[in-house]
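Residues 1 to 285 (the UniProt record's numbering) make up the sequence shown, in order.
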Amino acid sequence: MERNDAVMPWVAIVCAAIMWIILLFLFNKETAPEPVVVDPAVVASINQQWPTLGHQVFTSAGCIGCHGAQGQGGAGPKLAGDEKILKDPVYVHTIVTKGKGGMPAFGDKLSEEQIYAVANYVLHSWGNSIPEPLTPATVAAGQTKVDPAVLKNRSRFVPEDIKLPEIFLATFVMVLLTYGLIGLYSVWAEGTELHPGIHKARSTPLAMTAMVVTLLLGLLFSALFVRQMVADYAAWGNKELPSVTTEGFYAAMILFTIAIATGLYKKFFMDDEVLVEDASGEFPW
1 MERNDAVMPW VAIVCAAIMW IILLFLFNKE TAPEPVVVDP AVVASINQQW PTLGHQVFTS
61 AGCIGCHGAQ GQGGAGPKLA GDEKILKDPV YVHTIVTKGK GGMPAFGDKL SEEQIYAVAN
121 YVLHSWGNSI PEPLTPATVA AGQTKVDPAV LKNRSRFVPE DIKLPEIFLA TFVMVLLTYG
181 LIGLYSVWAE GTELHPGIHK ARSTPLAMTA MVVTLLLGLL FSALFVRQMV ADYAAWGNKE
241 LPSVTTEGFY AAMILFTIAI ATGLYKKFFM DDEVLVEDAS GEFPW
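Given below as C-alpha cells:
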C-alpha cells in the first residue's frame, strides 16, 4: 500500500527554503548601511580643516572627557595606538555618527565636516596614522563591508534588533524543517509502501560500521563541547566574550549524531510493526 505522505516532507523543506530567503532579505534590509553621498567640496575641505577643526570638535563635543586629551582612555576606550580603528577607519565614522554603548550618537549634533574632521583627528593623532584622510568616498567604499556591531549581533542566537516578522518567519521555518526532516526519515526508515505486519530488522556490516562511527563522533563532539564550556567559563572570569557560536555548533552536532544513531537503530536493529492498513483518506500531517 503506497503512502500518501511520502512527498510532503520535500514540499515542507522547499517552503522552508523560500521562507529562509525571505527572512534573510528582511534582516539584511534592516541592517544595511545607509547610502553616503560623495561631495567633492567636502573632500577638499576635509584635507585642509581636519587638523584644526578636528581638535576643536574633539574638545568642544566632550570627546576629551571620556577618551583623554592624549587618547589614553578613561570612561571611554583608549584611542591611542588602536590597531582596530586603523585597520577599519570607516568604523570610527560609524561610531561617531551612530554611537555605541555609553557613547551617544553625534550624527544629528555635528555637521558632516565636523564628523570627518574629528574622525581624521583620531585617526592621525597619538601614534595613529592612515595613508589617506577619511572621506565620504572611503565611507561609501566601505559600505560593502558588514559593520562589526552587526557581525557581533549575528553571532548570537537571537539578535537584539530582530523584529516580529523575522521571529514569525524563523519559527515557521523551524517548524517546516522539523516536519520535513522527520518525514524524510520516516520514508527512509519505513519505505514508501506500508505492509501491515511485523517486520524483522536485518543489520549489515555497513550499518554496524555507521553506527559505531556515529557514536564515536557523538562522544568526540561531547568532549569538545565540555572543553569549550570550560574555556568560555574562564573567559567570563577574564571579562572576555565567550564563543557562543562554537558552543552552539558542538551542541548541534551532538544532537545530530544522536538523531543519526536513533535512525540507524530503528532501520537496521529494531523490529517494527505496521498496524495501519488504509491511510489514503488521512490528512498528510
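In this text, a Cβ means the ideal position worked out from N, Cα and C, and glycines have one as well.
Which term fits residue i, buried or exposed, when burial requires 16 or more other beta carbons within 10 angstroms of its beta carbon?
i: isoleucine 167; result: exposed
i: tyrosine 250; result: buried
i: leucine 23; result: buried
i: glycine 71; result: buried
i: phenylalanine 25; result: exposed
i: glutamine 183; result: Correcting the residue type first, residue 183 is glycine in the shown sequence and not glutamine. Buried, because 16 or more other Cβ atoms sit within 10 Å of the Cβ of glycine 183.
i: threonine 135; result: buried
i: glutamine 228; result: buried
i: threonine 214; result: buried
i: alanine 223; result: exposed
i: asparagine 238; result: exposed
i: glutamine 48; result: exposed
i: glycine 180; result: buried
i: alanine 44; result: exposed
i: arginine 202; result: exposed
i: threonine 192; result: exposed
i: valine 96; result: buried
i: phenylalanine 269; result: exposed
Span of the alpha helix (DSSP H) holding residue i?
i: phenylalanine 256; result: 244-268
i: alanine 112; result: This sequence places glutamate at residue 112; alanine is not what is there. Counting along the chain, the alpha helix (DSSP H) containing glutamate 112 begins and ends at 112-123.
i: phenylalanine 221; result: 205-237
i: isoleucine 85; result: 83-87
i: isoleucine 64; result: 63-67
CB-CB under 8 Å to residue i, same chain, minus the five flanking residues each way: which ones, in chain order?
i: isoleucine 85; result: Leu79, Tyr91, Val92, Val122, Leu123, Asn128
i: glycine 74; result: Gly65, Cys66, His67, Gly68
i: methionine 19; result: Leu169, Phe172, Val173, Leu176
The ligand GTP heavy atoms versus the CB of residue i: any closer than 7 Å?
i: alanine 137; result: Among the components modelled here there is no ligand, and therefore nothing to report on the ligand GTP.
Using the C-alpha atoms, what's the distance from residue j back to residue i?
i: valine 118; j: threonine 246; result: 38 Å
i: residue 355; j: threonine 204; result: Residue coverage of the chain in this structure runs from 1 to 285, which leaves residue 355 outside it and unanswerable.
i: glycine 107; j: leucine 53; result: 16 Å
i: alanine 41; j: isoleucine 130; result: 21 Å
i: valine 230; j: threonine 257; result: 22 Å
i: tyrosine 116; j: tryptophan 50; result: 7 Å
i: valine 212; j: aspartate 88; result: 48 Å
i: alanine 235; j: phenylalanine 225; result: 15 Å
i: alanine 12; j: leucine 177; result: 7 Å
i: glutamate 132; j: glutamate 240; result: 33 Å
i: lysine 100; j: glycine 218; result: 41 Å
i: leucine 255; j: threonine 138; result: 45 Å
i: proline 77; j: leucine 110; result: 21 Å
Which partner residues of residue i appear in the DSSP bridge assignment?
i: methionine 103; result: Lys100
In its own chain, which residues sit with a C-beta less than 7 Å from the C-beta of residue i, not counting the 5 before and 5 after it?
i: phenylalanine 58; result: Ile64, Val118, Tyr121
i: aspartate 232; result: Pro242, Ser243, Glu247
i: alanine 210; result: Leu264
i: methionine 253; result: Phe221
i: serine 125; result: Gly71
Among the residues of its own chain, which have a CB less than 6 Å from the CB of residue i, if the five just before and after it don't count?
i: residue 286; result: No information on residue 286 is available, as it lies outside the stretch 1 to 285 that the chain covers here.
i: glycine 81; result: Gly127
i: glutamine 114; result: Val57
i: alanine 16; result: Val173, Leu176, Leu177
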